[in-house]
Structure formats: structure tokens, C-alpha cells
Amino acid sequence: MAIPFSQRPGRHERHYLRRTGNPLFPGSPQEPDDAALLDAQRLDHEELLAFLTDLRATVQRAAGLQPNEGSEVILEIKEQLDRLYEMSAGLAEDHTHNQAALAQLLDVIMRNVERGAAADPQALDELAQERLARAAHFSLLASPLVADLLHPQSVISAADLAPALLSATADDLASALQLFDLEQTIQRCTDARECLAAHGQAPEEARARCTQ
């Protein structure tokens, strides 16, 4: 191996490492390959650059909001900030500061929206529920596996889902399972058992995950 692994890999490299040498994944490489690793790192770098460009543009747009700005513009920026936070969770490198800045901007916008809805108790209740849902969502995104699963172009295919869950840490698995309803969770358990049954040499850690 001439290409070193990233200290904080993005979602493409993360899934490549997740699959490499793991018999649970169909067609997984046995050893890391420089070309494949470099390609994964390239894709992660391109996503990082696109994120930083979008982040700067959105922050500038938010900073230019006028006191009488229309609600459609405010809601559009709020949705973009939510999307950027989700994107940051799966990127290479550490984005703690970017996430803190995004959360702060979202809080400012939410307080402005709440002031505008001060005379509408139902609207205020809905906004309070939105705050709680966002906090729970952002908490789940702290798990790299959750961030990878929720990405609109997730690198984890349907065929890779059971192996990815079985290969996760106990904490990551607990977070990921919160994404599924009861019926989906039952299906995930069935898929996991079938995956283990098809691989007699499955790691003991994977078998332990199936009982979690």
C-alpha cells in the first residue's frame, strides 16, 4: 500500500474500508487496492469542496437577510442549512466547527420564525416539535453509519445493508436501528440472519450484533 488511509475518511473511503477484507460483503476486496482507495478519496475530496462552496454561499445569503424578508426565502435558507448539516456529517475531515455554525444559524432563523408566529399557538407548538426533531436528527448524525445511510446517494446499497449493520460498532448499530420502523427492523433482523447463515466464517463481532 503506497496510499495511506485518511485519518478522518469521508463516506466513500469509509465504506471502502468497511468492505475490504470483510467476508460479509458480496464481492468485497480481500486487500486494500491503491487505485480503488485513491478513487474513493478523490470522490470524498470533491464532495468536501462542493460542501464548502455551498456553505459559504448559504452563510452569505443568511447574513444578508432583511428584517422584512419573505417567509419563502427564510424557509428556503433554513432547509438549505439543514441539508448542509446532514452533508457535513458524512464528509472527510472534522466539521465540528462548521456544524456548530450551522446549528447557530438555524437557531437564529428559528427564533425569527417563532417571533413571527407569536400569535399562533398551534404554529408555535409545531415549531417546538420541529426543534426537538432536529435535535434528535442531528444527534443521530453523529454516527458515521447513520450519516452514510441517510445520504441521498448512499454508498450503502441494498445488498450491503445487512453486512454494514452487522459490521458496525454496538453504538453505531443502536443509532442506525432508530432509522427503521418495527416492520423494517424485523426485516433487517431477517436479512442479518440470512447473511450470517451464508457466511460460516463470519466474525464473532458480527454474530454478536445479530443478538443486539
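Following our numbering, the numbering of the sequence shown begins with 2 at its first residue and continues without gaps. All C-beta atoms in this analysis are idealised placements derived from N, C-alpha and C, irrespective of residue type, glycine included.
- Counted as a single uninterrupted DSSP element, the alpha helix (DSSP H) harbouring His98 occupies residues Thr97 to Gly117.
- His200 carries a coil assignment under DSSP once its states are collapsed to helix, strand and coil.
- Judged by their CB atoms, Leu85 and Asp55 are nearer to each other than the 9 Å cut-off.
- For the 9 Å CB-CB criterion, Ala165 and Leu180 do not form a contact.
- Distances from the alpha-carbon of Val156 to those of Ile187, Glu127 and Gly11 put Gly11 closest.
- Spanning the alpha carbons of Ile78 and Glu195 requires a straight line of approximately 44 Å.
- In the three-state scheme derived from DSSP, where H, G and I count as helix and E and B as strand, His152 is classed as coil.
- Positions of the alpha helix (DSSP H) runs, each at least 4 residues long and wholly inside the segment 27-109, are given as 35-64 and 72-90 in order along the chain.
- Linking Gln61 to Ile75 through their CA atoms gives a straight-line distance of about 13 Å.
- Residue range Pro122 to Leu141 is occupied by the alpha helix (DSSP H) that includes Gln130.
- The beta carbon of Gly91 sits closer than 7 Å to the beta carbons of Gly11, Arg12, Ala148, Asp149 and His152 from its chain, once the five residues preceding and following it are set aside; these are given in chain order.
- When Cβ pairs closer than 8 Å are counted between the two stretches, the segment 124-131 is seen not to touch the segment 65-75, the count staying below three.
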